[in-house]
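Engineer:
In this note's numbering, the protein residues as written are 14 to 227.
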C-alpha cells in the first residue's frame with residue numbers, strides 16, 4: 014500500500030449510524046497516535062508508515078485500519094498537537110503563574126514545530142490542497158497565546174503592550190534558526206531572553222521553569 018495514497022477516509026470513524034469504537038480500539042488508536050508523534054518529532058525526514066508501525070510494535074495492517082492513508086495519520090497528529098497547545102494554555106494557567114505558564118507553553122510550541130518538521134512534505138501538500146486550514150490553526154494558536162498574555166497583564170507579570178502576534182513571530186524566528194529537537198539548549202536560552210523581554214521592566218524572572226506537576 015502506498016504511503017501517500019489519497020483513497021479512503023481520513024480516519025476510521027464510520028458513517029452515519031455506525032457503532033462508536035470500542036474502548037480498546039480507542040486506546041490502540043491513541044497509542045498509535047502517540048508513537049507516530051514521537052517518531053515524527055525525532056525524524057529529520059518523513060518516516061514511512063512501516064517505520065511507524067514497527068516503532069509501535071504492530072503490523073502495518075493494524076496501522077492502516079486506524080489510519081487508512083498517510084494523510085489521515087498526519088492530519089490526526091497535527092490536530093492533536095494543536096489541541097494540546099490550545100488546551101495547554103488553560104491547563105498551565107490553572108497550575109502556574111502566568112509568566113511561568115508562558116515559558117512552559119513555549120516548550121509545547123517547540124514540540125509542535127519538531128513534530129511538523131518530521132511530516133513537512135505531507136503537511137504542506139495538505140495545506141496547499143485545503144485539507145488542513147492554516148489560517149484556522151493560526152487563529153487558535155494566537156488565541157492560546159492571548160489567553161496567557163491576558164492573565165499575565167492582569168497580575169502585572171507580563172507587559173501590556175505585547176501582542177500575541179509579537180510572541181508568535183518571535184517563537185517562529187527562534188525555532189527557525191534553532192529547529193527542535195537538535196538545538197534545545199540554544200533555543201532554550203533565546204526563549205529565556207524572550208521571557209525577560211515580555212516582563213515589565215524591573216521584574217526579572219527565574220530561568221528555571223517550575224514543574225507543573227510539583
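Ideal placement from N, C-alpha and C gives every residue a C-beta, glycine not left out.
Given a cut-off of 9 Å, decide if residue 68 and residue 90 are closer than it, judged by their beta-carbon atoms.
Structural biologist: Contact flag unset, no.
Engineer: So, residue 92 versus residue 124, is the Cβ gap smaller than 9 Å?
Structural biologist: With respect to the 9 Å criterion, residue 92 and residue 124 are not classified as neighbours on the basis of their beta carbons.
Engineer: With a 10 Å radius around its C-beta and 16 neighbouring C-beta atoms as the bar for buried, classify residue 185 as buried or exposed.
Structural biologist: exposed
Engineer: Roughly how many angstroms separate the alpha carbons of residue 44 and residue 130, rounded to a whole number?
Structural biologist: Distance between the alpha carbons of residue 44 and residue 130: 21 Å.
Engineer: For the alpha helix (DSSP H) that residue 71 lies in, which residues bound it at each end?
Structural biologist: That residue, residue 71, is in no alpha helix (DSSP H); it is neither H nor E in DSSP.
Engineer: If you draw a straight line from the alpha carbon of residue 64 to that of residue 121, how long is it in whole angstroms?
Structural biologist: 25 Å
Engineer: For residue 84 and residue 113, I'd like the C-alpha separation in whole angstroms.
Structural biologist: 36 Å
Engineer: Give every residue of the same chain whose Cβ lies closer than 7 Å to the Cβ of residue 175, excluding the five residues on either side of it in the sequence, and list them in chain order.
Structural biologist: Spatial neighbours of residue 175 in its own chain (CB-CB distance under 7 Å, excluding positions within 5 residues in sequence) are listed in chain order as 162 and 211.
Engineer: Output yes or no for whether 9 Å exceeds the beta carbon distance between residue 6 and residue 102.
Structural biologist: Residue 6 is absent from the model: the chain starts at 14 and stops at 227.
Engineer: Taking 9 Å as the threshold (C-beta atoms), are residue 54 and residue 76 in contact?
Structural biologist: no
Engineer: So, is residue 171 buried or exposed, given that buried needs 16 or more other C-beta atoms within 10 angstroms?
Structural biologist: buried
Engineer: Kindly give me the distance between the Cβ atoms of residue 116 and residue 204, rounded to whole angstroms, as I take these residues to be in contact under 8 Å.
Structural biologist: 7 Å
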